[in-house]
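Protein chains in written order, with the numbering used here: chain A, 1 to 349; chain V, 1001 to 1349; chain C, 2001 to 2349; chain F, 3001 to 3349.
Backbone N, C-alpha and C define an ideal beta-carbon position, used for all residues, glycine too.
The structure displayed is predicted, hence computed values, not measured ones.
Okay, so here's the structure we're looking at.
4 protein chains.
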Amino acid sequence: MIGVGVVGYGYWGPNLVRNFVSNSSARVVRVSDLDTAKLAACQRLYPGVETTHHYEDLLKDSKIDAVAIATPVHTHYGLALAALKAGKHVLVEKPLAQGTNLVRRLIDEADRRGLTLMVDHTFLYTPAVQKIQNLLSRDELGEIYYYDSTRSSLGLFQSDVNVIWDLAVHDVAIIQYILDELPVAVSATGSSHVAGSPENMAHITLFFESRCVAHVNVNWLSPIKVRQTFIGGSKKMIVYNDLEPTEKIKVYDKGITLNAPEENAHQMRIGYRAGDMWAPHISATEALQIEIEHFLECVNTGATPISSGLSGLWVTDVLEAACRSIADHGRPVQLKLRKQTLKRVAAVA
Amino acid sequence: MIGVGVVGYGYWGPNLVRNFVSNSSARVVRVSDLDTAKLAACQRLYPGVETTHHYEDLLKDSKIDAVAIATPVHTHYGLALAALKAGKHVLVEKPLAQGTNLVRRLIDEADRRGLTLMVDHTFLYTPAVQKIQNLLSRDELGEIYYYDSTRSSLGLFQSDVNVIWDLAVHDVAIIQYILDELPVAVSATGSSHVAGSPENMAHITLFFESRCVAHVNVNWLSPIKVRQTFIGGSKKMIVYNDLEPTEKIKVYDKGITLNAPEENAHQMRIGYRAGDMWAPHISATEALQIEIEHFLECVNTGATPISSGLSGLWVTDVLEAACRSIADHGRPVQLKLRKQTLKRVAAVA
Amino acid sequence: MIGVGVVGYGYWGPNLVRNFVSNSSARVVRVSDLDTAKLAACQRLYPGVETTHHYEDLLKDSKIDAVAIATPVHTHYGLALAALKAGKHVLVEKPLAQGTNLVRRLIDEADRRGLTLMVDHTFLYTPAVQKIQNLLSRDELGEIYYYDSTRSSLGLFQSDVNVIWDLAVHDVAIIQYILDELPVAVSATGSSHVAGSPENMAHITLFFESRCVAHVNVNWLSPIKVRQTFIGGSKKMIVYNDLEPTEKIKVYDKGITLNAPEENAHQMRIGYRAGDMWAPHISATEALQIEIEHFLECVNTGATPISSGLSGLWVTDVLEAACRSIADHGRPVQLKLRKQTLKRVAAVA
Amino acid sequence: MIGVGVVGYGYWGPNLVRNFVSNSSARVVRVSDLDTAKLAACQRLYPGVETTHHYEDLLKDSKIDAVAIATPVHTHYGLALAALKAGKHVLVEKPLAQGTNLVRRLIDEADRRGLTLMVDHTFLYTPAVQKIQNLLSRDELGEIYYYDSTRSSLGLFQSDVNVIWDLAVHDVAIIQYILDELPVAVSATGSSHVAGSPENMAHITLFFESRCVAHVNVNWLSPIKVRQTFIGGSKKMIVYNDLEPTEKIKVYDKGITLNAPEENAHQMRIGYRAGDMWAPHISATEALQIEIEHFLECVNTGATPISSGLSGLWVTDVLEAACRSIADHGRPVQLKLRKQTLKRVAAVA
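Right, dumping it as structure tokens:
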């Protein structure tokens, strides 16, 4: 039984508490938040859980083995570092921290102490993304030509991060998870339409050494919610719509093959196999339930999480580069980290 | 009664012929194509229309007042110039020509001779785009924040132009038509996944002097057809889905207003007015019918078409700049033409 | 603060408990269920709530003012009657009981004791149905021509009731709630495709004195979930799709007006006004939260609930008649209860 | 080369002419219509086709081998009989005639003269219905439990037939085509909301000797167009949406298997296999093109058409019975014709 403390009972915290409470391997010992009303709401639902305004109470509590952090982004680094120093395993809401240097420091601390450091890239644990990863790892799509994603909605502005750190982070994590190679450069454009507020819409292009290209379109000012991703391969293509209640993933049997161009032809129809579509059954299990099960298992066994600190490091590196490119109106920025690097860093650590 | 000749009876030509035939102000005199089978198909449907392998037969025919050109892109300039020199009014399939220098030459020739030169930007004549233009011109949306469009499908590769000249051309023409200002710079990325073939997917960002940003996502390798545009304004937002049979335009009554951030708040919910949605009735009239009616009227009255040569010039300028940016991995390219410039050029001409 | 006991912690019970717990006017005192595992799950989430295998413990508990019943249909009558006799207010999952005679007995008991008796017709409390009721009561649609509903999905078979008592019950309750008149006869057909199981699909037609006709299509064997209702009026029409995340209700501005038929015309186009569509903003509040607030208020004030015992009586009467018609392959069965009757019965009581 | 005459150039006639003109085995000789403007429109498009106000001109024309009839329903019988008597093969728009006695007379006349008599049940020739027929004939769905169809839209009222003869006719023809057995009884309800006009909405239930049930919902007063059919089987289920541009047919791998009910269980979850969905590629060929090819082939070879006179007889029989049931508020009406009967009648003829 792993004792858990949760920091932050705002938007995401209640989901963490609910899922830890439902997991038979964990026990939620204490929740901290600065807001008394939120703590009262927590107590109403879970009279057995203690609450506090002081984060330190969690760190000092010997019944707490792991801390889950669901606070504003700019506080992630400080809270996570303090938890690690107190010997607690740590699960941090995405993004892990606001800079690769901070993330490296956290990884270092966790490695030195042999603690689990995991970033809450929830989408990686959705049955839909798990299925996509499975399809790609079995080479069902052939050579990957592109990953093209739109993630937009109206509503929740963050004052301390822009839309890239809030929404594009999901796609960048997914790209790292499902593709064999990592991008070598990023070009991005973005803009803000609310004075004094960070970028609320952005377009990011990721370049790879292969012909693969990834594009991510994120927007906080969209009248409707869109969560749609196209993945095109030489053999098949996937349309992944996260808002579909049951048929989230559609696999199109439409490989393209180029016909030899006819003499003088100005239009060559590519010989595409206009085949069937197939929507595999996707489990309806909540991603956070799967993720928390995975976190608790990593804490118990010492295994490296799918969304490890190194995963967070790489994601942070891409987001930083994207922001630099935005500041420069789309000029491409080189990326340095490679999958091998990540593995080596991991091995060294 | 305006006598019409049509060059090219491949993919688009039959639509031109059908619509000219149905228009009571026009008479289709002759159709030319290099392909005997295509001419036979034309004759089967329209026994009264003459056919020929020789384009010159159209130019020499005194019964022909206007020529419509629906041939491969690289032939547009030569065929249009010859027609103008023969004293014919000209309607050219988009894009008008493969370079601003060529387009300027056509505009010059048409102006000198007092002939109508119109480019077939069909989408401008759809009842949906007409309705959008109407809504924006009445300031229904307030300040325009963004135009974000995806236009993708699987199938028709062009060997002589890339996906930007084939698909993005529509959005660039629409942007010019519906917005008050024109972009000042363009950043684009693109890639080809078929050896020896031009770019089959691209992302284009257009920057404006105001906070407005336009983005166009075009793709020839998409498993499903997408024709979707979001237009966000300070007062309302539009979702335009051209594939919807009847409700192509949805207007969302969701202006955003920024709430004063609470003390210490890390998340400020923007005060958005989650209002109603409204889908105005859109006529089902075929765009090409409206466009050809407009072309014939311009020929008759000497009026300047909505999609005039100058419109084509500006669109070509943007497409050229986008291609330069792609070659440079997204580096922004400045645009020189302004609405005023276009008007002045027009006035001078 | 109203003390609440909940009987049955299976499929629906947890939703009742969660909503009573979240309501500041109520306190959940005790939950009973025959299944130990279910009670344990309840305790895990709500350590402050007592649990028991014995329903009598709720009836004897003086801290409990009201009992909510979420058990198999055939037990509703017995449990509700016992609760009323013990002086408790009662909220019963739909259908209220399996026969009008039983329902009358419950109404009688509640009236005699001055207790609130409410049936859990949840759909009446959805913001969507509330909006529809509001539109119809303001005569936005004109004369109502039809109500046509499809409610189907795959999955939950009930062994003690057929699909009419499980699914059609929702539409029958909605019809009573939103229409001015009640049907005078019912014709229904149904069938079972699982040996020994009650009907799993049925079609019900309700006839009115006016030209209005209501039709309800319910099916437990559908591969996809459908929750769609069309309401046609002389002035406007509504499409209500409960599965749409935000645009659940679409109001079509398409009144029909019959053109005088032309001489010898075999097709007269009705003069329909192909107008706009409008989707009013619908609140995302959970129906059960609204319903429980309403229940608690009725308990406090003695007001008659929207879904009172008499409402349940009328619904039960229609369902019984529909089942008789099914047994007779669709022969129409007359209905006796009228809105006036219901009101008079209420007044007498 | 089969010479063809077409009667009626209103709504459907132009489609017939266009498809006969495009078919290399046919030549459209003459078109007749009472309306001069319509004949002028025909001549404008097809200068090679003769036109006439007099139907007799088609019958007397020896260059005409076959006559296609696209006129008001009440004229079908007279025009078809005259054509047969003049020795012409006949294709009649649906429904074949307004009564089984009239249809029998036409079948008799065609058989006696060895002429092809075909009814234009266009939907049978759609690639989608052909695919469904193929799936069912290979027993992909197992035992068929139900066929449930909704076919509604706003617009075209017919003054000489009700909505059953106009819209339900399609489903009745499809049912006969794809199912192994024919219904033994029909129950229907319907109503008119326009004074002096025939029924504009109706619901029809078809009963079979097996447990299969078919239901057809037709409506001329729907704010939106619906063309949706569910076919449920013991092994798989089909959702057929004719308005989907490409994925018209979805096959759900969701057979149901009943679990042994647990002791005291009031809800038994049927053991359904929540499997994958599969959308077979459907050709985009126009149904009428396939149908006319089939008609011309039957004329040439003497083969019996899929939608033969006997098919039309059976469909007419069901529609008549449905109308009788409507007049009796849903009382079931027995059907006499069986598949064997149809075959025997065919054999005798």
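Nearest Cα to Tyr1177(V) within the set Ile1306(V), Cys1323(V), Gly1142(V): Ile1306(V). Between Ile3204(F) and the set Gly3013(F), Lys3254(F), Asp3035(F), Asn3217(F), the nearest pair of CA atoms involves Asn3217(F). Residues Val1073, Pro1198 of the same chain have their beta carbon placed closer than 7 Å to that of Val1161(V), with the five preceding and five following residues left out of the count.
Under the 10 Å beta carbon count, Pro1183(V) is surrounded by 16 or more other beta carbons and is classified as buried.
One alpha carbon belongs to Leu91(A), the other to Leu102(A), and they sit about 16 Å apart. In summary, the residues of the segment 218 to 242 of chain A whose CB is separated from some CB of chain C by less than 8 Å are Ile224, Lys225, in the order they occur in the chain. Close partners of Pro2332(C) in chain F (Cβ separation under 8 Å): His3329, Gly3330, Arg3331. Bridge partners of Met3237(F) according to DSSP: Gly3232(F), Tyr3252(F).
Using beta-carbon distances, Thr36(A) does not count as an interface residue toward chain C, since no partner is under 9 Å. Separation of Leu124(A) and Phe3207(F) (C-alpha to C-alpha, rounded to the nearest whole angstrom) is 50 Å. Tyr146(A) counts as buried, since no fewer than 16 other beta carbons sit within 10 angstroms of its beta carbon.
Contact between the segment 1231 to 1240 of chain V and the segment 221 to 229 of chain A is present: 3 or more CB-CB pairs across the two stretches fall below 8 Å.
Not flagged as an interface residue toward chain C: Arg211(A), since no C-beta distance is shorter than 9 Å.
Residues of chain V whose Cβ lies closer than 7 Å to the Cβ of Leu3045(F) are, in chain order, Val1021. An exposed status is given to Ser62(A), since fewer than 16 other beta-carbon atoms sit within 10 Å of its beta-carbon. For Arg2324(C), the uninterrupted alpha helix (DSSP H) segment begins and ends at 2309 to 2327. For Thr3205(F), the closest Cβ of chain V is not nearer than 9 Å.
Counting the other Cβ atoms within 10 Å of the Cβ of Glu1320(V) gives 16 or more, which makes it buried.
Put simply, the segment 3123 to 3137 of chain F touches the segment 3282 to 3297 of chain F. At least three CB pairs are less than 8 Å apart. One finds Pro2047 in chain C with Cβ atoms closer than 7 Å to the Cβ of Gly48(A), taken in chain order. For the pair Gly232(A) and Asn1219(V), the CB atoms are nearer than the 9 Å cut-off. Look at Thr285(A): its C-beta is not under 9 Å from any C-beta on chain C. Here Ser1308(V) is near Leu1117(V), since their CB atoms are less than 9 Å apart. Residue pairing by DSSP places Gln3334(F) opposite Ala3185(F) in a beta bridge. The C-beta of Pro2280(C) comes closer than 9 Å to at least one C-beta of chain V. At a cut-off of 9 Å between C-beta atoms, Asp3148(F) counts as an interface residue with respect to chain C.
Here DSSP, grouped into helix, strand and coil, assigns Asp120(A) to strand.
The criterion of a C-beta distance shorter than 9 Å is not satisfied by Val2004(C) and Gly2013(C). Taken through DSSP and simplified to helix, strand or coil, Phe1207(V) comes out as strand. At a cut-off of 9 Å between C-beta atoms, Glu3247(F) counts as an interface residue with respect to chain A.
Residue contact check for Leu2296(C) against chain F: no CB pair falls below 9 Å. Within chain C, Leu2154, Pro2223 have C-beta atoms less than 8 Å from the C-beta of Lys3254(F), given in sequence order. In its chain, beyond the 5 residues on either side, Tyr2177, Ile2178 have a beta carbon closer than 7 Å to the beta carbon of Gln2133(C). Looking at the backbone, the Cα of Phe20(A) and that of Val67(A) are separated by about 11 Å.
Listed along the chain, the chain F residues whose CB falls inside 9 Å of the CB of Tyr2145(C) are Ser3191, His3193, Asn3200, Met3201, Leu3221.
Within chain A, the C-beta atoms nearer than 9 Å to that of His1215(V) come from Thr189, Met201, His203, Asn217, in chain order.
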